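Taking it in order: structure first as structure tokens, then the write-up.
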Amino acid sequence: MRSLEATDLDVLYRWENDARLWTVSNIMSPSPKSYLWQYLQNYDSDLYNTRQLRLMITLTMTGEPVGTVDLTNFDPFNNRAEFGIMIDRSHEGKGLGDAALSLTIDYVRDYLGLSQIYALVPVSNTVCIAMLKKHGFATAGILKQWINHGAEVHDVEMMQLLLR
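Structure representation (structure tokens):
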């Protein structure tokens, strides 16, 4: 995994404009390339400054970006952050999400010293829920009608990983 780079513009543009991902990303409309270019130019990876961190998941051999890990809603007082992950559809089912989650857990526990991370996952995303449970996340509750996506309303499972 690595920080965002200017060369990520095209892949971010594709991912940010994939309407199938909007349910979990809180995006409501397509993002223009100029907006994403500004985002990359002004990106600040200081978690304490911006309260969020986005990392690119890349293939070791080629450096090809295949997904993202996001730490958002960072709360330094309570020592926690929200976790999100996205793997490009062409790379799903290859264990990349599993590996990225493992690296992220090590990073937030050993380097950032967080006491917990949590995730909000649509209950229909059974693959992600199973992956999180495999890594020690536990269900903290179900948030009813939490995500609106057009005419659809989705419940989400709130999952926590206590690191201490």
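Sequential numbering from 9 applies to the sequence shown in this note's numbering.
The beta-carbon is built from N, C-alpha and C at its ideal position, and this holds for glycine as well.
All values reported here derive from a predicted model rather than from experimental measurement.
- N-terminal and C-terminal residue of the beta strand (DSSP E) that E160 is part of: 160-170
- Query: When DSSP builds the beta bridges, which residues end up paired with L151?
  - Reply: V164
- Roughly how many whole angstroms lie between the Cα atoms of Y43 and L29? 18 Å
- Query: Using the C-alpha atoms, what's the distance from M69 back to N81?
  - Reply: 32 Å
- Item | Alpha-carbon to alpha-carbon, D114 and W45 | 30 Å
- Range covered by the alpha helix (DSSP H) that runs through L63: Looking at the DSSP string, L63 is not in any alpha helix (DSSP H); the run it does join, the beta strand (DSSP E), is 61-66.
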